[in-house]
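Residue 1178 in this note's numbering sits at position 261 of the sequence shown, with consecutive numbering throughout. See structure below.
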Amino acid sequence: MPELAEVEVVRRNLSRWWRGRSADRVCILDEKLVESGESDALQAALKEPLKKAGRRGKYLFCHMACGQVLVFHFRMTGKIVCGDKPDPKYGRLSWHVDGAGWLVFKDQRRLGHLCLLSEETLDDYRPLKEMGPEPEDISVDYLRGVCSDRRLLKTALLDQSIVAGVGNIAVSELYWRLRFAPEIKCGQLDEEDWRRLVEEMPLYFEEIIEKSMSDEILYIEEGGTPNDFQVYARFDELCSRCGGTVDKRKVGGRTTYYCPECQRKGA
Ligand SMILES: [Zn+2]
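Now the structure itself:
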C-alpha cells in the first residue's frame, strides 16, 4: 500500500520521464476513473507538457503547462509505470509521451482516484487543506502539542492531519527503530523519545525511498516482492537486532509487526 515513500518514487520517475514533454495520445481504459463529463478536459490536460510533478503526503500533483493540475491518489494498489504498450494488465489510463513511451496508471484493485483541478483552486482542495506537515517539517513542540496523552501514538501518527504521508508500514518500522511497544500511548513518551521520533521519521523515509527507487514501485502485498523492512510482514521471522521472534498484533484496527524482546518502551 503506497505511503509517502512510494508516491515520492513515482514523482521522481515522472519528473524524469515526462517533465517538459507532452503526450500525443491518451487512452482512458477505465471510464470509472474519470468523473462524467470530464474526459475531454482530462485528455486535453494530459496532452500539455508537464511543468512539475509534486507530492504532499500520499498525493501526487502533476502541474501541467496549461495551469491544470492532475491529482493522483493511489489508495491500495495504484502506481504509474512506463512501458511500450498502451493497455497492459490493470491499466486504467495511459498517455504516450514522446521520447519516453507509454505512461500507464495501473491499479489492480481499482480503488485509486484521479481528479482534475486548476492551480487557482488547488489550495481549496480538501485533502490538501486538512493535511498536516511533512515528516521533515515537524518539530518536537508541534508533535507533542497535537498528540493528547491518552491517544495511541500509532493512531496519532496515522492521522494525516497530524503528519502527512505516514502509513501502517512506517509505523511498524519506526517503532522497531525506536524500540517502542506496539500499544505505546503518546503520554508514555519522554522528551528524548519525542526527539528521536521526530529525527527518525524523515530518516526512515529517505532510506526507504533510496531502497525503493526503480521504474516500478512494488508493493509488499504483491507476490515476489523483496522485503526491505526490518519487521513489517516478517511474522515469525527472527529480529535482526536481538534474535527474538517477530510478532504481530492489531493496534488501532491495523496490524503492527514488532519484536516483543527488544521493543519494550510503553509495553
Ligand atoms: Zn528484537
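All residues carry an ideal CB built from backbone N, CA and C; glycine is no exception.
Assigned exposure category for G937 - 16 Cβ within 10 Å defines buried: exposed
DSSP-derived helix/strand/coil call for G1197: Residue 1197 falls outside the range modelled here, since the chain spans only 918 to 1184, and no answer is possible.
A1073, enclosing alpha helix (DSSP H) - first and last residue: L1070 to L1075
Residue interval of the alpha helix (DSSP H) (run including D1033): As written in the sequence, residue 1033 is Leu, which differs from the Asp given in the question. Here L1033 belongs to no alpha helix (DSSP H); instead the beta strand (DSSP E) covers H1030 to S1035.
Distance cut-off 7 Å: E1178 Cβ against heavy atoms of ligand 1: yes
Residue from Y1092, R1096 and L1106 with nearest C-alpha to T1172: Y1092
CA-to-CA distance, C999 to G1018, given in whole angstroms: 6 Å
L900 versus K1002, R933 and S1035, residue with shortest Cα-Cα distance: Not covered by the structure: residue 900. The range shown for the chain is 918 to 1184.
Residues bridged to T1173 [DSSP beta-bridge criterion]: R1166
Whole-angstrom distance between D1054 and D957, CA atom to CA atom: 38 Å
Which of helix, strand or coil DSSP assigns to R1113: helix
Residue range of the unbroken alpha helix (DSSP H) whose run includes D957: S956 to L963
Q1105, DSSP secondary structure in three states: helix
Check: G1161 C-beta below 7 Å from any heavy atom of ligand 1: yes
Euclidean distance between Cα positions of F1022 and Q1105: 43 Å
Length of the line joining the Cα atoms of S1078 and C1064: 11 Å
beta-carbon C1156 near ligand 1 non-hydrogen atom, thresh 7 Å: yes
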